[in-house]
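Written out below as structure tokens is the structure these notes cover.
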Amino acid sequence: MINTKLVELQSTALRVREHIIRMSAGGGCFIGASLSCVELMVYLYKDFLRHGLGKESPDLRRDYLFLSKGHDVPALYGTFAELGFLDPRRLGNHLSTADSIYWHPNRAIPGVEFHSGSLGHLPAVAAGVALDCRLRGGDNRIVVITGDGELNEGSVWETVLVANAQKLDNLTLVVDRNQFQANVRTEELVPLEPLADKFRAFGCNVRRIDGHDFSQLEEAFRGLPVASGAGGMNVIIADTVRGKGLPSIEARADRWFCAFTAAEVEQLLQELHGRKEVVIESETLVVR
Amino acid sequence: MTYEELLIETALADERIIVMTAENRALVRNAPKVLGSRFVDTGITEQTLVGMAAGLALRGRIPIIHALAPFLTMRAFEFIRTDVGIAHLPVKLSGYIPGLLSDGNGPTHQSIEDVAIMRGIPGMEVYCPADEDDLVRSLPAIWSSDAPAYVRINHKKGEYTHASFERGRAEVVAEGTDVTILVYGYLFGNALKAQRILQQEGLSVGLVNMRSLKPVDEAEIIRAAKRSRMLVTIEDHLLTGGLYSIVAEVLLKYGVTVRTLPLALEERWFKPGLLTEVLETEGFTPEKIAGKIYSSSNLLYAE
Numbered sequence: 001m002i003n004t005k006l007v008e009l010q011s012t013a014l015r016v017r018e019h020i021i022r023m024s025a026g027g028g029c030f031i032g033a034s035l036s037c038v039e040l041m042v043y044l045y046k047d048f049l050r051h052g053l054g055k056e057s058p059d060l061r062r063d064y065l066f067l068s069k070g071h072d073v074p075a076l077y078g079t080f081a082e083l084g085f086l087d088p089r090r091l092g093n094h095l096s097t098a099d100s101i102y103w104h105p106n107r108a109i110p111g112v113e114f115h116s117g118s119l120g121h122l123p124a125v126a127a128g129v130a131l132d133c134r135l136r137g138g139d140n141r142i143v144v145i146t147g148d149g150e151l152n153e154g155s156v157w158e159t160v161l162v163a164n165a166q167k168l169d170n171l172t173l174v175v176d177r178n179q180f181q182a183n184v185r186t187e188e189l190v191p192l193e194p195l196a197d198k199f200r201a202f203g204c205n206v207r208r209i210d211g212h213d214f215s216q217l218e219e220a221f222r223g224l225p226v227a228s229g230a231g232g233m234n235v236i237i238a239d240t241v242r243g244k245g246l247p248s249i250e251a252r253a254d255r256w257f258c259a260f261t262a263a264e265v266e267q268l269l270q271e272l273h274g275r276k277e278v279v280i281e282s283e284t285l286v287v288r
Numbered sequence: 289m290t291y292e293e294l295l296i297e298t299a300l301a302d303e304r305i306i307v308m309t310a311e312n313r314a315l316v317r318n319a320p321k322v323l324g325s326r327f328v329d330t331g332i333t334e335q336t337l338v339g340m341a342a343g344l345a346l347r348g349r350i351p352i353i354h355a356l357a358p359f360l361t362m363r364a365f366e367f368i369r370t371d372v373g374i375a376h377l378p379v380k381l382s383g384y385i386p387g388l389l390s391d392g393n394g395p396t397h398q399s400i401e402d403v404a405i406m407r408g409i410p411g412m413e414v415y416c417p418a419d420e421d422d423l424v425r426s427l428p429a430i431w432s433s434d435a436p437a438y439v440r441i442n443h444k445k446g447e448y449t450h451a452s453f454e455r456g457r458a459e460v461v462a463e464g465t466d467v468t469i470l471v472y473g474y475l476f477g478n479a480l481k482a483q484r485i486l487q488q489e490g491l492s493v494g495l496v497n498m499r500s501l502k503p504v505d506e507a508e509i510i511r512a513a514k515r516s517r518m519l520v521t522i523e524d525h526l527l528t529g530g531l532y533s534i535v536a537e538v539l540l541k542y543g544v545t546v547r548t549l550p551l552a553l554e555e556r557w558f559k560p561g562l563l564t565e566v567l568e569t570e571g572f573t574p575e576k577i578a579g580k581i582y583s584s585s586n587l588l589y590a591e
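Residue numbers (our numbering), protein chains in the order written: chain A, 1 to 288; chain B, 289 to 591.
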């Protein structure tokens, strides 16, 4: 990846993180899971997807992104805002019933392909879209992002079986492998490793990358085989860090859902920019 | 015309239709060779079936999906509610062997709460045809609408020739001043025979095929309540949440009171066996239905 592009992507990612941090005030958000998939979201929308954002009428030839792990919607809205497809002021309406921005993706926000929140649903919905794209002879790419904790849901594996039976090689499932489910490390509750082997055993074409490294993201997505209707679905396991960018909350089991005060948000923004060591131990942290 | 003939004819005429099944091929045996890639069997995967149908509908398709009624409505319930319901997508659910039609399968296969749970989903329509004739008269309107719909598939041949179908309208077979029987689905045939028995006994008995349970024909329920001294609801469904509940809701809404006798399954699964035996054991033969109504109407007149 050329340097100017890398710098631009990194700078967008930084601003998306600022949006996420601000959305953790006034009621809070699932900050950890949002921060872990920022590079993924920014890369996909800025560089990879032929998305339908900003179009008057949706184009059936567009690529699709489905956010199955719903909690990370601040990363999606932050990316929309940075790309100019969502008025950043609306992010301030987070959790206001006067707007449509809440803790999970909402199709009322232009660009959100489908709502989610209940885990293990969107792999199937994405498979249905992938099937139709193939029936119409389109070269659309369909990407669905799941959490790693979400892989506890049997419906994910059910859909992987079916997608491979139907040879939906235009479908790519990305696992945001941030090592945590809601309250504990995945490996301490329902161990997933060796995860790549599991997907391979199901017949998937698997790659595992550092999900915070734009060059690796580019290589993985640009390296996806041309869909021919003959192969298995693609899986990209993106190794990430929950809470990435804020050392004070990174990889902590108790930093799943956080509701910060306005003052704490300011401290975290300082921390994001590396200006100050911040460790917030306040009781205002809400862990749901 | 059979269900499958209508399905294939409709699918051939409309490219938007995708016929899907979770490996329940009883009603769609010939669809694969005729429809090719527009026939999709996902295997024994009701959740994925419904989720994929939602994805196909997002792209402008009208998926008509098949599975045994209990597994479709209960195993995949949250997918129906969350993916089809919230997005209000035109996914058409065909539930096979609902109610008593599961005959010898046992309680795992008894779909006797499907009307209750499907009508609880905002925007979901619920249809319960009386027999094959009623089924094929109903489906074109159901499949061509923009709404998600659950159909309690009843492909059994009946003896009655039904009137044309309209969503939200009941079919009035007969009017009566003593009793009106409200019925849907497979028990329509026996209710019709029971009505004839009661007429011979000198009672004036009406019969209404409810067919469209959501939207329901409120006006016809109110008319029946005002026309006769007693209503009877007959259903191969739990007492809770089905037709008896619907009638109670409608009567309360309009402030109309009428004595109503429910014939339904009360708080239990039915004893499995050959359908003819099940009807006998559960008291759903024409004679037993007529007997219960007759006794109840006698009580009414004694008051």
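Quick reminder that beta carbons are idealized off the backbone N, C-alpha and C, glycines included.
- Leaving aside the five residues that flank Gly138 of chain A on each side, the residues in its chain whose CB is nearer than 6 Å to its CB run, in chain order, Arg61.
- Scanning chain B for C-beta atoms nearer than 8 Å to the C-beta of Arg107 of chain A yields Ala375, reported in chain order.
- Listed by position along chain B, the residues whose Cβ is nearer than 8 Å to that of Ser11 of chain A form an empty set, because the closest Cβ is around 34 Å away.
- Straight through space, the alpha carbons of Val566 of chain B and Val125 of chain A are spaced by roughly 40 Å.
- Shown in chain order are the members of the stretch 159-170 of chain A whose Cβ falls below 8 Å from a Cβ of chain B: Thr159, Leu161, Val162, Ala165, Gln166.
- Look at Thr159 of chain A here: in three-state DSSP terms it is helix.
- Cβ contact annotation for Phe48 of chain A (same chain, cutoff 7 Å, sequence separation greater than five): Phe221, in chain order.
- Residues of the stretch 311-332 of chain B with a C-beta atom less than 8 Å from some C-beta of chain A are Ser325, Arg326, Val328, Thr330, Gly331, listed in chain order.
- Going by DSSP, Tyr77 of chain A is part of the alpha helix (DSSP H) stretching over 73-83.
- Looking at A:Tyr43, A:His19, A:Arg22, A:Lys5, the one whose alpha-carbon comes closest to that of Leu217 of chain A is A:Tyr43.
- Closest option to Arg15 of chain A, judged by alpha-carbon separation, among A:Gly229, A:Glu82, A:Ser215: A:Glu82.
- Closer than 7 Å to the CB of Asp132 of chain A there is at least one CB belonging to chain B.
- Here Gly571 of chain B is exposed, its C-beta having fewer than 16 other C-beta atoms within 10 Å.
- Along the stretch 228-251 of chain A, there is no position whose C-beta sits under 7 Å from a C-beta of chain B.
- Under the DSSP assignment, Glu18 of chain A falls outside any beta strand (DSSP E), being part of the alpha helix (DSSP H) whose first and last residues are 3-23.
- For Cys258 of chain A, the three-state secondary structure derived from DSSP is strand.
- Under a criterion of Cβ atoms nearer than 9 Å, the residues of chain B adjacent to Phe114 of chain A are, in order, Ala342, Gly343, Leu346, Asp371, Ala375.
- Annotation: Arg185 of chain A is outside any beta strand (DSSP E) and is labelled neither H nor E by DSSP.
- Using a Cβ-Cβ cut-off of 7 Å, Arg349 of chain B is close to Asp132 of chain A, given in chain order.
- Between the stretch 404-411 of chain B and the stretch 342-358 of chain B, the count of C-beta pairs closer than 8 Å stays below three; the two stretches do not touch.
- Contact between Pro123 of chain A and Val112 of chain A is ruled out by a C-beta separation of about 17 Å, above the 8 Å threshold.
- Contact annotation: Ile237 of chain A and Arg185 of chain A have beta-carbon atoms that are not nearer than 7 Å.
- Counting along the chain, no beta strand (DSSP E) covers Met412 of chain B, and no H or E run does either.
- Inclusion of Ser215 of chain A and Met1 of chain A in the CB contact set at 7 Å is warranted, their separation being smaller than that value.
- Beyond the five residues adjoining it in sequence on each side, Gly147 of chain A comes within less than 6 Å, by CB distance, of Lys69, Asp176 in the same chain, given in chain order.
- Under the three-state reduction of DSSP output, Asp402 of chain B falls in the helix class.
- Residue contact check for Gly339 of chain B against chain A: a CB pair falls below 7 Å.
- Fewer than three pairs of CB atoms, one per stretch, sit closer than 8 Å, so the stretch 439-459 of chain B makes no contact with the stretch 371-379 of chain B.
- Around the beta-carbon of His94 of chain A, 16 or more other beta-carbon atoms lie within 10 Å, marking it buried.
- In the DSSP secondary-structure assignment, Pro550 of chain B is bridged to B:Thr521.
- When secondary structure is reduced to three states using DSSP, Lys198 of chain A falls in the helix class.
- In this structure, the straight-line span from the alpha carbon of Leu224 of chain A to that of Ala230 of chain A is close to 14 Å.
- Proximity of the stretch 519-537 of chain B to the stretch 545-563 of chain B meets the contact definition, three or more beta-carbon pairs being nearer than 8 Å.
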